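Take the sequence shown: its position 153, counted from the start at 1, is 166 in the working numbering, and no numbers get skipped.
Let me begin by presenting the structure, written as structure tokens, before commenting on it.
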Amino acid sequence: MNKTSQTEFRFLAEPTDVNFGGKVHGGMVMKWIDQASYACAAQWSKHYCVTVSANAIRFIQPILVGQMVTITARIVHTGRTSMHIYVVVRASDPKQDEIVDTNRCFITFMAIDENGTPVEVPHFSPQNKEEMLEKVAISGKDFAKKLDKHYQQMVGW
């Protein structure tokens, strides 16, 4: 079975995507990130997947109406049932060569069966330097666990 660890979405930013300031709304970008990441996770696991967390979403540059948006989502680490995905959003004027990074983040999905029970996912092993973001993903996962524990101790959830 051939596993693909990367998914890419490409489309034009539309007038309906903008906020009151005339730039693409941050919530729209987060929706795109979630959709591309879901496609990547489902493609890797061959199961329905649910979002567990989105970490360190960075808004670097605004996206403008009419720009070509490219969202690249790639598996960088797998747990037993989870997939940690690094996402980069880029934008460009389709009539020019310059492409800028507009957003990046890590997002985690869990594969589940039809009853909502977590299921095991295939193991991911980085094959090249570009895929070595696994260490960053593991560090983020450990931080999230510590943060959850801290919240539980401080506010009781």
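Every residue gets a Cβ at the ideal spot worked out from N, C-alpha and C, and that includes glycine.
Every value quoted in this text rests on a predicted model; they were computed, and no experiment measured them.
| Check | Outcome |
| --- | --- |
| Per DSSP, which one or two residues make a beta bridge with Ala4? | There is simply no residue 4 to check, as the chain begins at 14 and stops at 170 in what is shown. |
| So, helix, strand or coil for Ile70, using DSSP? | strand |
| Beta carbon of Phe72, beta carbon of Ala49: below 7 Å? | no |
| Since Ala124 sits in a beta bridge, which residues does DSSP pair it with? | Cys62 |
| Can you find the residues in the same chain that come closer than 8 Å, C-beta to C-beta, to Val132, ignoring five residues on each side of it along the sequence? | Ser58, His60, Thr94, Ala124, Ile125, Asp126 |
| Rounded to a whole number of angstroms, what is the C-alpha to C-alpha distance between Ile98 and Pro75? | 22 Å |
| Spell out the partners DSSP gives Arg117 in its beta bridges. | Arg71, Val101 |
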